[in-house]
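Participant: The structure follows.
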Amino acid sequence: LAADWAKGIWTATWESTGGPQYFSGGKGHVPEAKNTQPGFTVDAGVMTQLCLSYLAAGFKGFGFWAWNYRTCGWEGGEYALLDRHLKPTARAVQVGRIAQAALKYRRELWQAHKEPLVGVLVDWDNEAMWAAMSVDGRDFYRTLPICARIGVSRALMNANVPWEYVTANNLRDGLGPRYPIIYMPASVCISTDLQEILLRYVQQGGRLVLDMPGAYYDEFGRIFRTDKGSLFEQTFGCTLDDLCYSNPTNLEYELDGLKLGQTFTCVLTPTTAKVVARYKHNGLPGITENRCGKGTALILGCQCSINCHKPGNTRLERFLVKHTLGKYKSPYSAEGVLVYRLAAPGADHYFLINDGPTKRVMLRTHAHTYQNVTDVITGQKLKLGSRIEVEGYSGRWLRFVK
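Number 50 in the working numbering belongs to position 69 of the sequence shown; there are no gaps in the numbering.
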């Protein structure tokens, strides 16, 4: 999020953890913290995951809190790369190795860039509208755009689809064509000028995906026009007539073979769009896709992104990715690990994150061919096309020469 909001500006982490915390972290007064376990494992493997994720995100470095711990007080002995005797730990050694590798390839990393297939829209107006709705008794609404942002990001990451956050102002500045697909998570508010930009984006060949609840208000808090002849209808090829709800205790909707649980749904009347899938119980359109100019615009009639906020909703994540990509495919794949890629002129850098036991995985670079591959941290040369071992609960950084 930090790197993508600051496009064109060098960014780095500031106070990323240097090690585990035991008693602090707001355990005494933050309900979300005090009601969970004291902390998380932070060993050499986890530090590897963090460092490689920072580099993959586009950060030009990383900073930690801290090398050595405070000697007293509520954070005494915590967050440090050193142990309680001020000796280097395995996590400190590993961070040093990654830092040395990053220094060695710094100029290549400075030239590198992401090549996103999906742009996840972040719009301040939308988040402000959710916050404005968060009056007494429903103050949880203010968290929903963040939950949605995390949810769609989780689904794309788990499917190894390259993506990037794109802001509404990025689109106003003309960055839309960078993204073959733009996903609008829980965009309950759409500004009129933004809808005009999105219509042009689709007409010029982009694929636009909107999930629920969406297109409810404009930037002034008025009901957003979604009737026939509106910019919305021109874009999505249907009118949005109403918002509804699925609830297993009352009436649970089913769409494309997936029971939706608790979720917003919608009533759509296609004008030029085709119906991709219908709600099972009533036969009404639940997913529509419209050909508009050179591109397409899709409506997903459920709150995909919000409901993928927490881990474990695998079926909904796959549902989201399947309909988002349509005819598109990720340029790389690997079963069982997360994969990120940075593209530089002379080589591509792949970061493999393994959040399970040690695995031997096949990294398939469908859209790219290479001359050789090396482990950046160890210097080990690997055979192209062979399985790659990734240490359990850790990660691996590979450099593929073009």
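Each residue gets a CB set at the ideal place from its N, CA and C atoms; glycine is no exception.
State the beta-bridge partners of I334 as determined by DSSP.
Facilitator: L319 and G376, per the DSSP bridge assignment.
Participant: Just checking my contact of Y321 with L379 at CB under 8 Å: how many whole Å lie between their CB atoms?
Facilitator: Y321 to L379, Cβ: 11 Å. No contact.
Participant: I need the straight-line Cα distance from N263 to A348, nearest angstrom please.
Facilitator: Approximately 42 Å between the Cα atoms of the pair.
Participant: Assign E370 to buried or exposed, taking buried as 16 or more other Cβ atoms, counted over all protein chains shown, within 10 Å of its Cβ.
Facilitator: Answer is exposed; the Cβ neighbour count stays below 16.
Participant: Following the continuous alpha helix (DSSP H) through Y182, name the residue where it begins and the one where it ends.
Facilitator: Here the alpha helix (DSSP H) through Y182 covers T173 to Q184.
Participant: Which two residues bound the contiguous beta strand (DSSP E) that contains D356?
Facilitator: N353 to D356 is the extent of the beta strand (DSSP E) around D356.
Participant: Is the distance from the Cβ of A196 to the Cβ of L232 below 8 Å?
Facilitator: Cβ distance not < 8 Å, so A196 and L232 don't count as in contact.
Participant: Have a look at G58 and Y3 and give me their C-alpha separation to the nearest angstrom.
Facilitator: Distance between the alpha carbons of G58 and Y3: 9 Å.
Participant: Spatial neighbours of P194 within its chain, please: C-beta separation below 7 Å, excluding the five flanking residues on both sides.
Facilitator: So the list reads A167, V169, L224, F245 and Q284, once near-sequence residues are dropped.
Participant: Between which two residues does the beta strand (DSSP E) holding C247 run?
Facilitator: Residues T244 to P251.
Participant: Would you kindly report the start and end of the unbroken beta strand (DSSP E) that includes L84?
Facilitator: Element bounds for L84: not the beta strand (DSSP E) but the alpha helix (DSSP H), A71 to K85.
Participant: For the beta strand (DSSP E) that contains P266, what are its first and last residues?
Facilitator: Run containing P266: P266 to C273, per the beta strand (DSSP E) assignment.
Participant: So for L156, helix, strand or coil by DSSP?
Facilitator: Residue state, collapsed to three classes: coil.
Participant: Just verifying my parser: in three-state terms, what is the DSSP assignment at M165?
Facilitator: If DSSP states are grouped into helix, strand and coil, M165 belongs with the strands.
Participant: Give the range of the beta strand (DSSP E) segment to which E145 is assigned.
Facilitator: Unbroken beta strand (DSSP E) run through E145: W144 to T148.
Participant: Below 8 Å CB to CB, which residues in the same chain sit around W48 once its five sequence neighbours on both sides are set aside?
Facilitator: These residues qualify, in order along the chain: G(-1), A61, L62, L63 and A73.
Participant: In the DSSP output, which residue or residues are listed as bridge partners for Y198?
Facilitator: BP columns for Y198 point to C170 and I204.
Participant: With a Cβ-Cβ cutoff of 8 Å, do Q176 and F213 count as a contact?
Facilitator: Contact: yes.
Participant: Looking at the secondary structure, which residues open and close the beta strand (DSSP E) in which E370 lies?
Facilitator: From DSSP, the beta strand (DSSP E) with E370 extends over I369 to V371.
Participant: For chain C, find out if any of its Cβ atoms is closer than 8 Å to the Cβ of L98; answer yes or no.
Facilitator: In the structure shown, chain C does not exist; there is a single protein chain.
Participant: For the beta strand (DSSP E) containing D104, name the first residue and the last one.
Facilitator: Taken as a continuous stretch (DSSP letters only), D104 belongs to no beta strand (DSSP E), as it is neither H nor E.
Participant: Sort T346, D237, Y351 and I280 by Cα distance to R299 and report the nearest one.
Facilitator: Of the listed residues, the one whose Cα sits closest to R299 is D237.
Participant: Pull the bridge partners of I131 from the DSSP assignment, please.
Facilitator: Looking at the DSSP assignment, I131 forms no beta bridge with any residue, so it has no partner.
Participant: How long is the line joining the alpha carbons of D443 and G274, rounded to whole angstroms?
Facilitator: The chain is shown only over -18 to 383; residue 443 falls outside these bounds and no answer can be derived.
Participant: Using C-beta distances below 6 Å, list every residue in its chain close to V248, excluding the 5 sequence neighbours before and after it, in chain order.
Facilitator: D222 and D223, listed in sequence order.
Participant: Can you check DSSP and say which residues form a bridge with I(-10)?
Facilitator: Answer by DSSP bridge pairing: none, since I(-10) is not bridged.
Participant: Using DSSP bridges, identify the partner residues of Y226.
Facilitator: Note: Y226 sits in a beta bridge opposite F245.
Participant: Tell me where the alpha helix (DSSP H) around L212 begins and ends.
Facilitator: Residues L212 to F217.
Participant: Please list, in chain order, all residues of the same chain as A254 whose beta carbon is under 7 Å from its beta carbon, the five residues on each side excluded.
Facilitator: F217, G218, C219, T269, E270 and N271.
Participant: If we require 3 or more residues per run, which beta strand (DSSP E) segments fall completely within the stretch 21 to 72?
Facilitator: Taking only runs of at least 3 residues, no beta strand (DSSP E) segment lies wholly in the stretch 21 to 72.
Participant: How is S115 classed by DSSP in three states: helix, strand or coil?
Facilitator: Three-state result, S115: coil.
Participant: Going along the chain, which residues of its own chain have a beta-carbon closer than 7 Å to the beta-carbon of L125, five neighbours each way excluded?
Facilitator: Cβ neighbours of L125 beyond the five flanking positions: W111, A167 and I287.
Participant: Which stretch, first to last residue, makes up the beta strand (DSSP E) that contains T277?
Facilitator: Its beta strand (DSSP E) spans residues G276 to L281.
Participant: Based on the DSSP secondary-structure assignment, which residues constitute the bridge partners of S314?
Facilitator: R345.
Participant: Decide if I(-10) is buried, meaning its Cβ has at least 16 other Cβ atoms within 10 Å, or exposed.
Facilitator: With fewer than 16 Cβ atoms within 10 Å of its Cβ, I(-10) is classed as exposed.
Participant: Kindly identify the DSSP beta-bridge partner or partners of E235.
Facilitator: In DSSP, E235 forms a bridge with K240.
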